[in-house]
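K.L.:
Chains as they are written, first to last, in my numbering: chain A, -13 to 312; chain B, 8 to 334; chain C, 3 to 338; chain D, 20 to 323; chain E, 206 to 772.
Quick one: the structure is below, and I'll ask about it shortly.
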Amino acid sequence: MDVTDLKTVFHTQDGVVHAVNGISFHLEEGELLSVVGESGSGKSVTMMSLLKLLPIPPAEIASGKVMFDGKDLLQMDLEELRKIRGGQIGFIFQDPMTSLNPVFNVGFQIMEPLIEHMGLDKKQARARAVELLELVGIPGASDRLNDFPHQFSGGMRQRVMIAIALACDPKILIADEPTTALDVTIQAQIIELIKELRKKLGMAIVWITHDLGVAAGISDRLLVMYGGFVVEHAKVGDLYKRPLHPYTRALLNTLPAEGSGETRLRSIKGSPPNIGAEPKSCPFAPRCDYAFERCHKENPLLERIEGVHDVACWWDVEKEAPRHDG
Amino acid sequence: MTADAETLVRAKNLKVHFPIHAGIFRRQVGAVKAVDGLNFDIKRGETLGLVGESGCGKSTAGRAMLRLYELTDGQIDFEGVDIAGLSKNDLREMRPRMQMIFQDPQACLNPRMTVGDIIAEPLDEHTKMSSKEKRDKVKSLLESVGMNPDYVNRYPHEFSGGQRQRIGIARALALEPDFIVCDEPIAALDVSIQAQVVNLLQDIQDRMGLTYLFISHDLSMVRHIADRVAVMYLGRIVELAPKEELYSNPKHPYTKALLSAVPVPDPEVEKTREHIVLKGDVPSPANPPSGCRFSTRCPVAQKNCFVDDPEWRKIGDGGYVACHYAE
Amino acid sequence: MLNYTLRRLLFAIPTLLVISFIIFLILDLAPGDPTGSLPLTIPAEVRAKIREALGVGEPIHIAYVKWLRGFFIYEPLHWLDQMGLVIGDPSSRPRIISFATRGPVVDLLMERIPQTLWVVGLSYVVGILIAIPIGVISAYKQYSWFDQFGTFISMVGFSVPTFFTGLLMIVIFSVQLGWFPSVYDTTLEVNSLGTFWLQVKQMIMPVTVLALFNAAQISRFMRASMLDNLTQDYVRTARAKGMSEKVVVLTHVLRNSLIPVVTVIALGIPTIFGGAIITEQIFRVNGLGQLLIIGIQGSDFPLVQTLTFLFAILIVLFNLIADIVYGMLDPRIRYD
Amino acid sequence: MTDQTAGEVVTKAQRTLWGDVLRQFLQHKGGVAGSIIFLFILGAVLFGPFIHTIDPQFLDIRNKNLGPTWGHPMGTDNLGRDMLAQVLSGGRVSLAVGIAAMALSLLVGTLIGIIAGFFQKLDGPLMRTTDLFLALPILPLLLVIIMLFRDSLRSVFGPEMGIFFLIVFVIGITSWMNTARIVRGEVLAIKEREFVLAARSVGTHSWKIVARHIFPNVLSPVMVSATLGIANAIITESSLSFLGLGFPSDFPTWGRLLFDGANFMTLNPARVIWPGLAISLTVLSVNYIGDGIRDALDPRIRGR
Amino acid sequence: MRKLKTLVLATAAASCFAATAAQAERGSDGNVNIAYWQAVSILNPFLSGGTKDVEASSLVLDPLANYRPDGSMDPALAAEIPTIENGGVAADLRSITWKLKQGIVWSDGTPLKASDVVFSANYCMHPEGGCNAASNFADVESVEALDDYTVRVNFSVAKPFPYGPFVGATSPVIQEAQFKDCMGAKAPECTEANFGPIGTGPFVVDEFRANDVVTFKANQNYRDPNQPAFATAVLKGGGDSAATTRSVLETGEFDYAWNVQVEPEVLDQMMAAGKGKIIAAFGTSVERLMVQLTDVRPELGDLRGTVEGGPHPFNSDINVRKALSLAIDRDILVEVGYGPNGQVTCNVLPAPAIYASTANDACKTQDVDAANALLDEAGWVRGSDGVREKDGVRLSILFQTSTNSVRQGTQALIKQMWQAIGVETELRNIDAGVFFGGDQSSPDTFQKFFADIEMYTNNFDGTDPEAYMGNWVCSEIPSPANQWIGNNMPRYCSEEYNALSAEMGKTASIEKRAEMAKKMNDMLMQEYVMIPLIHRGRVSAASNALGNVVLNPWDSELAFAEEWTRN
């Protein structure tokens, strides 16, 4: 999958909100790409935009191309796109409590895409659903098909969500903060599960999270987003060892380091930006310790530094000097 | 656990059960044992971290400490006074000395009140200040939590999550309490904001000599802020120890699992680290397992764990644990 | 769920007793006299005799106990008698007798139920059938012209009194066009296509008038409920699964949106039995509503007491049913 | 860099909550149109009689059943009364009844809803009372109330005001149940919100919690039922006129005008069109205002 | 409007003649649809709740004699009308002997016997039965069967007008066999009999739905082999007067609509559809104002509205009463509310013709100036607000009547007329069931009359005014002592009037009786204790397709339904 210059705006009564501002990235087969950012950084909106899952209006995908299997998803009509959704690309959402329909049993909800996309009859779909539940580690799968979402615990519900997303053997799995609403021990379970499934099924995964710790453990590559932009992009090892964007650095710094003995945490001043009008400057500039004149005037573009390491900043933190002179 | 002058708050056999009514006549058929026998004390000026997963009863315990829930059993000594047995009026007298900071900065501020009114509410209740005095006090409180004092006439929805949490803190500080229960004060905040709030809490503690009960599920934050840490599981404390002790040398298998589940923001470490993944879910507090409560999920459980309730025993240097096999 | 239902049922009994007593008290206090519509040529002494014979002046507690006994013991037993199961001596059990007709009130009610159910009930059904699609489309296309138009029509339907719309329809369709009868024939027996057609023709106008009124309210609820659910996370999940919009809206959202609406509908059912007083009067449907108004106008206390109490029972019952239906539709409550 | 200065400037200009609601309301076309029409009607019935000065009760029998003329823009009825004057003066009554009855029903409904929601022990009894009121036969109740209180009210307030109070009372007392149910549900939800807990942790008295924290937050559903309540009360009053209860017969209200005119529908359509239009427009506009308020108070919409 | 009236009368006359001419075969004319806007509750007229029940049951039950539309008596079940001349009425006026027609059978085929007549009397006179025809049996000592076809009614006093029992639809003959177990307290329990009495009338009950509809079919045993012309009849109840009238005149769904109370202009419009006609006839009904002569201020408590409570603050002044009457333009009231179906009247006893006085006709013309002069003279001076007052008493009238749109129109008109003479009026209308009911606890009954003026219509059954004129003797004054039972609403009390009333009860000669009745009428009129307004016709609507329909103001409108035909 290849995404270029994706822009999504929301038309609200207070004016146009630019949630995603020209994002480009690609996803290779079988890899795990993490998208990291705070709330409001546009990471979820980006992923929703790929498959036009946002309510239109108020949302509008202003520009961009999403090439998948040689076709632009954004140019497809809804019927074609439907086959991709659920069929080729599976989705897992943040809150397993509300993401499952409370009035249908989980069997129905798993079988729905199977019947829709794979043309299975009810019996086959049921058999497959049992397989899937077993795959995601729900004991007593065949009995639990008739249970309703509220009869599952949070972790189990997320497993059901995963089963639904995996139902049609998708090539890509997009996981939107799948563990944020879960407890640490349950989070650990889910992460283990995803790792296993990845080994078994070999699909590509986009993993959206705000937790740098989680991302560190599972990703191949990372995208760091801020204010609707990708500010840094690197392989996992590079990013943690050598963060180039001041935001990435600050973010890593705020985490209480083990045994550092520091009495105070290092924080980022201010609060995340309210996304509004089309940004004309670096969105991080108001909170940035390195911000200089240019940052307030011009929006930095993502540029390749070396290998697979891109950053969007006018300041070179390593040299402690502006990246370009002029 | 000897009583010394330093102890500010002490919980003894603290129990909060919520009755379950069922049947045609709504007879009580059981109880959700949200908090089932806690014993700990908090020394003046220290921060006790209380960690555990959702549903383990840590928030209930925190609220019970301020007697926002009626206790089923046990007592809470606040400077030697058992507040569990106080009358409503006496309790009201005590209120200014202990306050609370809440989890959800969205829900803990009344959306229809101005910031000034919100912060002044405790002053209305417990002081006889003139409105001018109140206003000045509110302004100074706002300043002390790092907010512009001109914001008094604004409404909560105009602020971001972090700012709202500051307002909540200002409200808790208004009566200059000795003891504050912080109920997951950073859980709903963005990573970059969490640090700001934690720093603020620490600053205030230093400045005013406060005592905190810091409830959180975020082990790394607790590690940063707390002096001692108590780990809760299913209505009980399974381990309590000074933080270095607890983090470097956890005794209880649950504490060990919990610590290993926390991801480390370092891919190198993550690659090599061995995670203890617990099986299954937390049992229902309405019907906790017999014996050790953790026995159903414990990787090292033996036969007697399913039968005998482990005793709350002292271990190591100032630590306590409730496990048959911890050493 | 069962326990809950039983508990509510048990609670309903004292509630109903209190309600019945208060209804009784109000009617006892209410002015009016069953001899009011007698011709003035009948002298006052004779009227006094008639009142006496009817038992109008009885002390309230005696009348209440008599009525309670009649309603809860004698009438059910009488019903059993008619089923062929005679318990005790039927002739020793006085039934609740209407002042005006000197006939058993319960028989009167039974006679009225068919046309009330046909007309008012059908109008409710028609109203629901109109309202649900309107509500669904209005919500799905919020602020579209369809939504605006539907909102406007339903508000007009709600705001124009039925005595006006009813008369307007009669003037247009009965007087000017002569399409439909203005008077409802309660004795019509449907036994052929011809009589069925007659029945349809005579029901069209009253059913339309009432259905419009009902549809107006229900469609508003439906719209609100749909709007609530359309923004839920599970809708996004369904779309992400690649479900067609039809399935998303008509299966996932509709099913959830119907839960509160069905409750509202269930709570509205007692009003069917209460009849639509004004509409029944205009088209002379002579159902329960008309019976009630005649009873009130003629100060026929036993009739009014029984009818209003029946109505109270239905309200309490359908409150209960609404709760149960809610539970049945919503698995979260069903398995509580 | 210290975070003590984190009190960054709030980007937007200072806005009060109600200012926000108003702004949002003004975006709602239906709501704005409704408000304009409602204000127009209100203005017309309040000030109209000063411009159109014919006495609505004056019978001009030689000029009965007139169509629209310059002197009688809406014609006259079968007793020669001027329709415009009657519609204007009837509007005063209908609107006054509508607003006052709505206020009463809201007051009772909100009070009972709050008490039932907040004090768990009273919940059962109060909700059963609500059932009771739903089951009350309105017509006999009205007769009883009119009989019991008419004379005393008449001597205190005069015939029209006395009946006005009675009608308002009856409509109010028989229409609060829905509000009570809605408010109760709302209170049950708000009661669990943390700011109520926060107030309790401060030691605030129960009644103060209700007044300060619960009541302001149930206002929005109450406002919505208020608009519906006005419409409902106007319609109920017209039904009372239909049943011959209510104001003296020469005292016009919209409902009575419509009812009296119904038989003259084909003879003199103006007799039903104008009062019918007045009722419909009022109800319609008030409903749209209600819609607007609901949307404006809906945080999900406002947040967008 | 004038034209319409003559037309109506002409039709009435024509059909009178036609009645004997056109003869169809029984059951040949199919179905007749009759609309009553008050639904029928019961078909036992003795237990009925109103006129509609009596009239509906008159299709099934016959009395011994009916009144014809011209006021004469028609022997229905009797062989002839008993008179003093033919020896049927005893010379001492204390008994009347009826002879039944031979060969009359009940609809179930059993023969009608004198014992049935005796039973009917006993049924109604039973003290616990609550029979509403009991007044027809006033002063009846006993009823005995002399043989199978002869019945004698014995009175305890001399009865100059002995045609109370068994004359007119209110006191028909019911079948002993059917009702013998329904005497007294058991009367209400005989639902089946009350809903489907066996009679001797032209129709038998096919199906009865209380308060809704009655279907009848022709009585195969009816005494005239050719009657009724209709095989079936449907009597549908409910709606309002305008609606039932519309269903005859405009939609043509019904053949006959009872008791039309619709504003004249609306009626004209309905008639324009050409489907039916209005039939009207004038009986004794007079819409009148009653003037309260006693004080009704609430602060009097129990004495309110009683003679003991003292005289009325202003109504007790005859000048006021007279002025009120003078100020009313009755023509306008007729024109607006009644059209051809009302006539201006100045008498409370306007008919039959021999009883009608002409002494008071001056009231037919309104004279506001005279009224004003009268009040000025009597010392009632206009205050600043235009309302007259004297000694602190304002001429402010509370004017009550029953709820009915025509009455409310009349009220409004009168209010304005009185305004012209400086009298302020507050209108009140009360639900008819309360107003005309005798509820002791209600302050709103017309008997308690806690108002200054009240308006309603009254009349009398049959053609004899004796009992009616007896309404205004002193003993008829309603008061707490007699549980407010009494017909003398104005609380008028005059020894002279009492004496006249008593004398009339002893007088047999029609001419003398007429003279006395007129005198009593004039006394009431000149004292202005009652202010008559309109002599009201009974008005109904009939389809053009219905033949032989005449409105009968003296008896049930359906009393001669057996003569109806389909044109």
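Backbone N, C-alpha and C fix where the C-beta goes; we use that ideal spot for every residue, glycine too.
1) Bridge partners for Q652(E) per DSSP, in chain order?
2) Quick one: give me the first and last residue of the alpha helix (DSSP H) that D35(C) is part of.
3) Please report the Cβ distance between T234(A) and I254(A), rounded to the nearest whole angstrom; I am assuming they are in contact, meaning their Cβ atoms lie under 8 Å.
4) Touching or not, the segment 190 to 207 of chain C and the segment 417 to 429 of chain E, by the rule of three or more beta carbon pairs under 8 Å?
5) Taking the DSSP output, what are the residues bridged to N271(E)?
6) Go ahead and pull the three-state DSSP assignment for H80(C).
7) Could you check if I30(A) is buried or exposed, using at least 16 other CB atoms within 10 Å of its CB as the buried criterion?
8) Is V185(C) near the ligand SAM - that is, is its Cβ less than 6 Å away from at least one heavy atom of it?
9) What residues in the segment 271 to 293 of chain D have a beta carbon less than 7 Å from any beta carbon of chain E?
10) Do we get a CB-CB distance below 7 Å when we pair S299(D) with the residues of chain C?
11) If we cut at 7 Å on Cβ distances, does S425(E) have a partner in chain D?
12) In three-state DSSP terms, what is S22(C)?
13) At least one CB of chain C closer than 7 Å to the CB of S304(D): is that the case?
14) Once the 5 residues before and after T148(D) are set aside, which same chain residues still bring their CB inside 8 Å of it?
15) Hey, could you find the ends of the alpha helix (DSSP H) E732(E) is sitting in?
16) What residues match up with H4(A) in a beta bridge as DSSP calls it?
17) Taking the C-alpha atoms as reference points, what is the distance between V573(E) and A532(E)?
18) Identify the contact partners of A268(B) in chain G, using a Cβ-Cβ distance below 8 Å as the criterion.
19) Does A10(B) pass the burial test, meaning 16 or more other C-beta atoms within 10 Å, or should it be called exposed?
20) Using Cβ-Cβ distances below 9 Å, what residues of the segment 79 to 99 of chain A are close to chain C?
21) Along the segment 55 to 83 of chain C, where does the CB come closer than 7 Å to a CB of chain A? Name the residues.
22) With distance defined between alpha-carbon atoms, name the residue in M107(B), K250(B), K146(B) nearest to D190(B).
23) Going by alpha carbons, who is nearest to A392(E) out of N327(E), P407(E), E762(E)?
24) Here's a check: name, in chain order, each residue in its chain whose Cβ is nearer than 7 Å to the Cβ of E13(B), leaving out the five neighbours to either side.
25) Tell me which same chain residues have a C-beta within less than 7 Å of the C-beta of R535(E), skipping the five on either side of it?
26) When burial is assigned at 16 or more other CB atoms within 10 Å of the CB, is F344(C) buried or exposed?
27) Compile a chain-ordered list of the residues in the segment 203 to 233 of chain C whose CB is closer than 8 Å to at least one CB of chain D.
28) So, with DSSP's three-state summary, where would you put A226(E)?
29) Are the CB atoms of L269(E) and D460(E) nearer to each other than 7 Å?
30) Under the DSSP definition of a beta bridge, which residues are partnered with Y219(B)?
31) Does DSSP put A242(C) in a helix, a strand or coil?
32) V221(D) CB to nearest chain B CB: under 7 Å?
P.N.:
With the structure as the only source:
1) Answer is none; Q652(E) lacks a bridge partner.
2) Counting along the chain, D35(C) falls outside any alpha helix (DSSP H), and DSSP gives it neither H nor E.
3) T234(A) to I254(A), Cβ: 11 Å. No contact.
4) no
5) D279(E)
6) helix
7) Inspection of the sequence shows that residue 30(A) is occupied by Ser rather than by Ile. Buried.
8) Ligands are entirely absent from the displayed structure, and the ligand SAM is therefore not among its contents.
9) D279, N282, F283, T285, L286
10) yes
11) Residue identity differs from the one stated: residue 425(E) is Gln in this sequence, not Ser. Taking Cβ atoms only, chain D never reaches closer than 7 Å to Q425(E), which makes this a no.
12) helix
13) no
14) I131
15) 715 to 732
16) V(-5)(A)
17) 5 Å
18) This model lacks chain G altogether; the protein chains it does include are A, B, C, D and E.
19) At A10(B) the pLDDT is 43, less than 50, meaning the model places this residue with poor confidence and gives no usable figure here.
20) F79, Q80, D81, M83, T84, S85, L86, N87, P88, V89, F90, N91, Q95, E98, P99
21) none
22) M107(B)
23) N327(E)
24) K50, R51
25) V549, K569, L738, I739
26) One cannot answer for residue 344(C) here, as it falls past the ends of chain C, which runs 3 to 338.
27) T233
28) For A226(E), the predicted structure reports a pLDDT of 41, less than 50, and the residue's modelled location is therefore unreliable. A value from the coordinates is still provided. In the structure shown, A226(E) sits in a helix (DSSP, three-state: H, G or I).
29) no
30) T54(B), I187(B)
31) helix
32) yes
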